[in-house]
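**Student:**
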Amino acid sequence: MLQFYTLFFMINTFRKSMYLNEKLIKNADLVVPFVGCPIGEPVSDCPFIAFWKEADTGKRIKQIEEKSEEELQQLRIFHKACILWKIEQLQE
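Everything in the sequence shown is counted per my numbering, starting at 9 for the first residue and increasing by one.
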């Protein structure tokens with residue numbers, strides 16, 4: 009039971025930080041591509057390149073909050089397709 013309260017306290021504490029809020033938690037799968045390409049060099053039409061111009065990693069992640077759910081979904085679709093394509097390229 010103590011572990012539950014410890015976890016609850018940690019989540020509530022971190023939620024107050026600049027990095028964790030409901031929208032960022034919901035879109036946690038997009039944090040990595042907002043920070044940089046997880047598999048080497050990005051493709052030339054990668055929409056995430058624009059976000060990487062920000063030098064501060066925290067500010068890069070915060071850009072997720074500025075996007076609409078539709079924009080985030082489009083980014084998510086692109087990212088998943090790109091990762092699958094890159095994995096296929098690496099396996100050849």
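Glycine is no exception: its CB is placed at the ideal position from the N, C-alpha and C atoms.
Small disclaimer: the values here were computed from a predicted structure and weren't measured.
Return the CA-CA distance between E49 and E73, expressed in angstroms with no decimal places.
**Tutor:** Cα to Cα, the separation comes out at about 25 Å.
**Student:** Once the 5 residues before and after T14 are set aside, which same chain residues still bring their CB inside 8 Å of it?
**Tutor:** At T14, the pLDDT of 45 sits below 50, so the modelled position is not reliable; the number obtained from the coordinates is stated separately. So no residue of the chain qualifies.
**Student:** Grouping DSSP H, G and I as helix and E and B as strand, with all else coil, what is L92?
**Tutor:** L92 falls in the helix class under three-state DSSP.
**Student:** Mind checking P102: buried by the 16 CB within 10 Å criterion, or exposed?
**Tutor:** Look at the range of the chain in this structure, 9 to 100, and you will see that residue 102 is not part of it.
**Student:** Considering only C-alpha positions, which residue in the set I33, V40, N35 and L28 is nearest to I91?
**Tutor:** When only C-alpha atoms are compared, the closest one is V40.
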